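To keep things clear, I will list the structure first and then write my remarks on it.
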Amino acid sequence: MNQKPDTVWKFGSIPMIEPEDLGIVLATSSDIALLLNSDNKISSILVNNTEKSYGNLNHWIGRKITDFLTLESIPKIAAAIQKLESNETVLYGLELNHVDNVQWQFPIKYNIHRLRKDGQIILLGRDLQSISENQQRFVKAQITAEESIEEKRELEAHFKVLLAKTNDAIAFMHAKTGEIIFSNPEFQELFLGANMHNEKASMQSFLAKKYERKGFMEKISIAAHGSYDVSEEFNTNNGEVIFSLTPDIYRAAGQQIIICKFLPKTIRKQGEKELIENLLATFHNSPDAIIFTDIKGAIQYTNERFLDLTNASHKNDVITKNLSDFLGRGEIDLAIMLENVMKSGAVKIYSTHLKSSFGTKIDIEASVSRNNSDANGLIAFIVREVSSPSSRAQNPNLNSKMENNQDEVTAKELVGSVTLKEIVTDTTDVIEKICIEAALEITSNNRAAAADLLGLSRQSLYVKLSKLEI
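Residue numbers (our numbering): 60 to 529.
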């Protein structure tokens with residue numbers, strides 16, 4: 060009876076592997092393979108050719124494996140070897156962290172087995188470096204997320220403390236719906252009362268006049284974009300109160316949010332309330348254009364008449380623009396009026412013309428005044444249209460000066476006494492002198508502004524001043 064050769068493992072149908080092929084199998088089936096002798100020294104080492112990060116590890120051969128392990132990994136390998144010596148099987152993967160002389164580390168998960176020959180031990184390992192890097196990224200991401208949450212909580216705490224310590228009533232609301240998102244205790248005490256946690260309340264629901272609720276949020280949004288205040292009367296826990304609203308708009312989470320500060324305006328007498336209502340009615344219905352600007356001339360409020368004169372279709376077309384954009388001589392006119400009103404508090408009559416959006420010009424007279432409020436230092440311009448083609452001829456100050464000037468003589472009195480050329484020359488000098496004196500008076504003797512007003516260069520003006528002995 061023929062006996063079969065011992066070429067097949069008893070526990071399976073896998074054929075016996077030739078010695079020259081075993082190294083290739085071990086190197087390709089694992090990332091790193093180590094063969095330890097009975098002294099736990101590395102007698103052989105195989106590295107997968109695809110793993111380039113390990114470099115050359117031949118200097119490990121002949122040295123103990125513990126020389127290339129981190130401190131926490133040494134007890135692990137010792138415990139595993141002790142189990143093998145006790146003929147126990149190490150079923151679990153053995154995770155070890157290797158460290159080389161060049162101070163770099165890489166984690167390996169080994170399957171450890173004892174060979175029958177001379178107590179040798181073979182370790183077949185899989186590189187855990189990519190898993191370790193992913194774990195480190197996960198840990199860093201988790202730490203970053205926790206830090207972000209803590210930072211958010213800290214900012215929220217600062218935000219709530221800041222609003223709680225603010226004496227003014229402040230509310231955050233949706234720009235479209237007016238729904239109150241958040242408010243400070245001052246606002247809640249004024250408006251919400253027992254319903255302090257009513258998140259569905261809308262700002263327009265507190266308006267005293269119900270007919271104003273429809274366009275309220277649009278009005279507040281326009282004021283926020285134009286950076287000016289508005290006044291509204293609200294129903295509060297203390298009755299009807301008129302507030303000055305200072306809105307500001309911003310975008311968060313894809314939605315427009317309005318933060319609004321409410322400053323109460325105390326009305327002590329019913330007569331004062333009626334006066335305010337009459338003043339507002341006068342402002343809106345006046346036949347003259349009324350414009351309020353800041354001290355630099357930026358338009359803050361205006362009535363419909365100004366829109367008619369400039370052919371503007373909507374207040375948004377003029378709000379926040381500079382008034383000089385609509386004046387005939389632009390910044391020269393505005394600078395003269397602002398300079399005089401800041402000095403004397405008022406300008407009675409200033410003649411110029413107004414430019415419309417279609418390029419047409421309208422002769423106007425303007426009266427200017429300013430209030431003494433430090434909070435809202437507004438300049439008021441009352442502009443009226445005049446029918447005269449030349450507004451300067453209607454200036455009573457100029458007419459009085461022309462009548463009282465000893466150089467003024469009528470052309471009829473001069474005819475016959477001198478030639479026509481001399482009459483024209485003298486008359487021209489008189490008119491030039493009158494115009495230059497008027498320009499100097501309007502500009503408060505500012506010669507540079509007077510030259511711009513007359514359309515002359517400064518040098519030409521100085522020559523004429525010398526010639527006319529002004």
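Using N, Cα and C, we set each Cβ at its ideal position, and we do this for glycine too.
Source: prediction; values computed, not measured.
- In this structure, the straight-line span from the alpha carbon of residue 133 to that of residue 311 is close to 55 Å.
- For the 8 Å CB-CB criterion, residue 490 and residue 529 do not form a contact.
- Residue 182 is positioned such that its CB atom lies closer than 8 Å to that of residue 171.
- Short of 7 Å from the beta carbon of residue 303, and not among the five residues preceding or following it, lie these beta carbons of its own chain, in chain order: 288, 290, 322 and 324.
- In the DSSP assignment, residue 92 is bridged to 105 and 183.
- Within a 10 Å sphere around the beta-carbon of residue 320 sit 16 or more other beta-carbons, which makes this residue buried.
- Closest option to residue 231, judged by alpha-carbon separation, among 280, 165, 192 and 521: 280.
- The three-state reading of DSSP puts residue 169 in strand, counting E and B together.
- Where residue 359 is concerned, the enclosing beta strand (DSSP E) starts and stops at 358-361.
- With a beta-carbon spacing of about 5 Å, residue 393 and residue 356 fall inside the 8 Å limit used to define contacts.
- For residue 129, there is no enclosing alpha helix (DSSP H), since its DSSP letter is neither H nor E.
- Per DSSP, residue 298 is one residue of the beta strand (DSSP E) stretching across 298-311.
- Annotation: the continuous alpha helix (DSSP H) that includes residue 275 extends over 275-285.
- Apart from sequence neighbours up to five positions away, the residues of its chain that approach residue 428 with a beta-carbon distance below 6 Å are 405 and 439, ordered along the chain.
- For residue 443, the enclosing beta strand (DSSP E) begins and ends at 438-444.
- The beta carbon of residue 368 sits closer than 8 Å to those of 348, 413, 415, 421, 423, 442 and 444, all from its chain and outside the five residues before and after it, given in chain order.
- Straight through space, the alpha carbons of residue 409 and residue 210 are spaced by roughly 59 Å.
- For residue 428, DSSP records a beta bridge to 405 and 439.
- Within the DSSP secondary-structure output, residue 156 pairs in a beta bridge with 166.
- Non-local C-beta neighbours of residue 507 in its own chain, meaning closer than 7 Å and more than five positions away in sequence, comprise 517, ordered along the chain.
- Residue 321: member of the beta strand (DSSP E) spanning 314-324, first to last residue.
- The three-state reading of DSSP puts residue 242 in strand, counting E and B together.
- Within the segment 491-521, the complete alpha helix (DSSP H) segments at least 4 residues long are 506-513, listed from N- to C-terminus.
- DSSP links residue 386 through a beta bridge to 413.
- Each of 136, 515 and 233 was checked against the Cα of residue 313, and the nearest Cα belongs to 233.
- Around the CB of residue 492, 16 or more other CB atoms lie within 10 Å, so the residue is classed as buried.
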